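Numbering (the working numbering), first residue to last: 4 to 229. We put the beta carbon where it would ideally sit given N, CA and C, even for glycine. Predicted model only: the values in this text are computed from it and were never measured. The structure under discussion appears below in the form of structure tokens.
Encoded structure:
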């Protein structure tokens, strides 16, 4: 008697790589944010001085960005959107304010907090540009879904999420760079080099998100709204 062949994995099981990958990308910035909150609770230090007198923006940014990136990872599972559309919509009602809070607080800190030693004006403008694009993407995504335009909704939400995940990609881009510089006796990359690395990470995320969304939509996969 021939042994029966194992059943092929269902589409929903195959799709778990999507949130798993996004959660892995979230891990480093989420951990760094948790460390920052613990550091702030322990009193003023040289490292946290620029946040200590007015900690609310950094707290809002960390909590908002972590909530947005973790919960948002599951919004990109087509099977979950199809099978649990109500969950998808309810999660969206949490994600949009969390993402807007993260974007606005990040821009506030870029303008009003003291610049770190290795940052420069170019990096400030990059943070303002991509922060504005993220907030605009969320607003346009909500506007699209309220008007019944699901495809446009998906594109703007994917763009906003790609920008929010910039910190994870920046860790992957800048981490090896810092290791190489440390071996040469240099503590941190200069402002222009750091700005180039962070800008590249944001652009890379946006390019990947754009490709994935257009590929999914051209394949005609069913979708749901928030």
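Rounded to whole angstroms, the separation of the alpha carbons of residue 181 and residue 187 is 10 Å. Going by DSSP, residue 160 is part of the alpha helix (DSSP H) stretching over 153-167. When secondary structure is reduced to three states using DSSP, residue 117 falls in the coil class, being assigned neither helix nor strand. Here residue 181 carries a helix assignment [DSSP, helix/strand/coil]. Sorting 191, 52, 140, 196 by C-alpha distance to the C-alpha of residue 158 places 140 at the top. For residue 203, the enclosing alpha helix (DSSP H) stretches over residues 194-221. With contact defined as three or more Cβ pairs closer than 8 Å, the segment 48-55 and the segment 74-88 are not in contact. In this structure, the straight-line span from the alpha carbon of residue 179 to that of residue 100 is close to 34 Å.
Judged by their CB atoms, residue 208 and residue 150 are not nearer to each other than the 7 Å cut-off. Taking 7 Å as the cut-off, the Cβ atoms of residue 109 and residue 71 do not count as close. CA-to-CA, the gap between residue 218 and residue 38 works out to about 38 Å.
In this structure, the beta-carbon distance from residue 212 to residue 165 falls below 7 Å. Only residues of its own chain outside the window of five on either side were considered, and among them none has a CB closer than 7 Å to the CB of residue 189. If you look at residue 54, you'll find it in the alpha helix (DSSP H) that goes 52-55.
Residue 26 and residue 76 have their C-alpha atoms some 7 Å from each other. Nearest in C-alpha terms to residue 144, of all of 98, 133, 29, is 98.
Straight-line measurement puts the Cα of residue 176 at about 7 Å from the Cα of residue 204.
By the CB criterion at 7 Å, residue 137 and residue 173 fall outside the cutoff. Close CB contacts of residue 198 within its chain, under the 7 Å cut and outside five residues either way in sequence, are with 123, 125, 126, 129 (chain order). Per DSSP, reduced to three states, the secondary structure at residue 58 is coil, with no helix or strand assignment. Around residue 73, the same chain offers 26, 29, 33 as residues with beta carbons nearer than 8 Å, after the five sequence neighbours per side are excluded. When secondary structure is reduced to three states using DSSP, residue 19 falls in the coil class, being assigned neither helix nor strand.
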